[in-house]
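Note sheet for the following structure.
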Amino acid sequence: MTGHFPPPPARGCSDTPVLKERGQHEVFCGLTGIIWLHRKMQDAFFLVVGSRTCAHLLQSAAGVMIFAEPRFATAILEETDLAGMADAQEELDRVVTQLLERRPDIRQLFLVGSCPSEVIKLDLGRAAERMSAQFAPRVRVLNYSGSGIETTFTQGEDACLAAMVPVLPDTDARELLMVGALPDVVEEQALGLLHDMGIDKVRVLPAHSVDDDYGIGANTVFALTQPFLGDTHAALIRRGARHIAAPFPFGEEGTTAWLSAIAAEFDVDAATFERVTAAPRARARKAVAQASEALRDRSVFFFPDSQLEIPLARFLTRECGMQAVEVGVPFLHRAIMSPDLDLLAEGPALSEGQDVDKQLARCRDARPDLTVCGLGLANPLEAEGMATKWAIELVFTPVHFYEQAGDLAGLFSRPLRRRGLLKLEAAE
Ligand code: SF4
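For the sequence shown, our numbering assigns the number 348 to the initial residue and increments by one for each residue that follows.
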């Protein structure tokens with residue numbers, strides 16, 4: 348890789364001791380993923396088996412969907428359903444049969460578990476198997492858990508994709524699988540770059556439709572676009588596929604490193620790689636330089652929330668000139684994170700899991716210029732005069748690959764600019 352980034356650090360963070368926290372954590376639950384997953388899988392329906400709380404979460408998080416033909420709903424289990432689990436199973440069968448009769452467009456149905464104890468006791472795996480047999484071949488029924496117990500909001504996507512891997516057929520084809528739900532426009536950019544390098548046999552998980560199904564086998568190689576796909580990674584390895592480990596495609600450097608790892612796997616020559624990436628790299632570099640002016644020499648502190656923290660810390664420190672104070676992650680998957688950890692220079696504390704009060708105390712001590720955290724922590728910290736960035740915005744905004752690199756830097760510089768303006772106003 349050339350030029351304007353610092354050289355890879357002599358000592359990255361791979362050997363940095365990790366502070367393991369197992370206290371109270373404050374994050375959204377995995378049901379949140381339905382909001383972006385239902386947009387990607389056009390023939391899928393997500394039936395949350397849950398409580399009124401789950402229904403409220405979905406409705407408020409996806410309020411905008413109320414006027415569209417919905418592709419998710421909540422089957423609410425009442426206290427009375429607890430009286431007999433057989434009744435709950437029958438009730439679920441009844442709801443699903445009604446739904447599938449009414450909606451012939453549904454080809455893939457996800458039964459999404461949640462965390463009320465009555466739901467946890469239901470065997471949704473067996474229900475999905477039973478229903479799959481009943482409604483095959485028109486509808487495939489799968490299940491996963493979006494429960495908020497000990498999980499974070501991006502794990503819903505991981506659980507969903509991991510549930511899809513075992514039902515994909517076997518193949519010997521040598522294909523690249525790009526794994527992770529990206530906005531369509533971003534996915535097209537990535538596929539375009541790979542195509543221009545001569546890599547055409549590319550599949551995407553999740554596919555837009557069950558009709559786009561493809562096989563998995565020993566000749567499948569896969570590249571993750573999202574750092575939170577630990578279970579999907581494990582499920583693909585179990586199917587014999589091989590992971591192309593690389594930094595994640597955030598920023599110019601991350602995108603180039605990600606593409607370069609794939610190019611090496613498919614024997615793309617250096618001249619072709621340069622021809623395809625030179626122009627978008629230059630655009631990304633310029634956009635990041637502009638958007639990151641407000642970030643230079645500022646400090647950043649990450650609470651564990653989205654699982655994107657390590658690659659983002661790498662981007663902010665290496666491309667935007669920030670200094671990371673602490674980088675917290677909900678779970679540290681080394682097989683997935685090592686390439687980013689190697690590039691993140693020694694210095695920031697690393698923490699895994701959360702003990703929210705202790706971490707708040709460390710954050711208040713450090714008084715970072717910017718704190719990246721969940722919604723619940725952002726308001727109190729803002730009230731204490733600290734600039735914050737909501738981690739959840741990072742999964743709702745297109746931030747991957749070259750053309751979005753400037754927007755990614757802009758997401759972090761905006762709160763600092765806003766706080767600067769507020770200070771100016773207060774001084775006038
Ligand atoms: S799954 Fe659990 S945390 Fe999420 S909305 Fe339902 S009850 Fe709340």
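Glycine is no exception: its CB is placed at the ideal position from the N, C-alpha and C atoms.
In the displayed model, Ala626 falls within a helix according to three-state DSSP.
In this structure, the ligand SF4 has a non-hydrogen atom nearer than 8 Å to the beta-carbon of Ile496. The Cβ atoms of Gly700 and Ala671 do not sit closer than 9 Å to each other.
Secondary-structure assignment with DSSP links Ile563 through a beta bridge to Asp517. Here Glu699 is bridged, per DSSP, to Lys367 and Val676.
Ranking Phe759, His747, Gly757 and Ser760 by CA distance to the CA of Glu534 puts His747 first. Nearest in C-alpha terms to Pro463, of all of Glu621, Ser398, Asp531 and Phe419, is Ser398. Secondary structure of His590 (DSSP, three-state): strand. For the 9 Å CB-CB criterion, Pro364 and Leu697 form a contact. Asp440 and Val396 have their alpha carbons spaced roughly 12 Å apart. Taking a cut-off of 8 Å for Cβ pairs, the region 577 to 597 and the region 672 to 692 touch, as three or more such pairs fall below it. Arg449 and Gln455 have their C-alpha atoms roughly 14 Å apart.
When the five nearest sequence neighbours on each side are left out, the beta carbons in the same chain lying within less than 6 Å of the beta carbon of Ala510 are those of Leu489 and Tyr491, in order along the chain. Only exposed fits His403, as fewer than 16 other CB atoms lie within 10 angstroms of its CB. Of the candidates Ile584, Arg477, Pro530 and Ala435, Pro530 places its Cα closest to the Cα of Glu750.
Look at the beta carbons and you see the region 600 to 618 touching the region 531 to 551: at least three pairs across the two are nearer than 8 Å. Distances from the alpha-carbon of Phe650 to those of Glu522, Thr718 and Leu758 put Thr718 closest. Between the ligand SF4 and Thr400, a heavy atom-to-CB distance of less than 8 Å is present. Around the beta carbon of Glu731, a 10 Å sphere encloses fewer than 16 other beta carbons of the protein chains shown; the residue is thus reported as exposed.
Ala593 places its beta carbon 9 Å or farther from that of Ala581. Taking Leu583 as the centre and dropping the five residues before and after it, the same chain places the C-beta of Val512, Leu524, Val526, Ile563, Thr567, Phe569 and His590 closer than 8 Å to its C-beta, in chain order. Only residues of its own chain outside the window of five on either side were considered, and among them Asn566 have a CB closer than 6 Å to the CB of Arg521, listed in chain order. Note on geometry: alpha-carbon atoms of Ala708 and Phe743 lie some 29 Å from one another. In the structure shown, the three-state DSSP call for Thr602 is helix. Taking 9 Å as the cut-off, the Cβ atoms of Val442 and Ile381 do not count as close.
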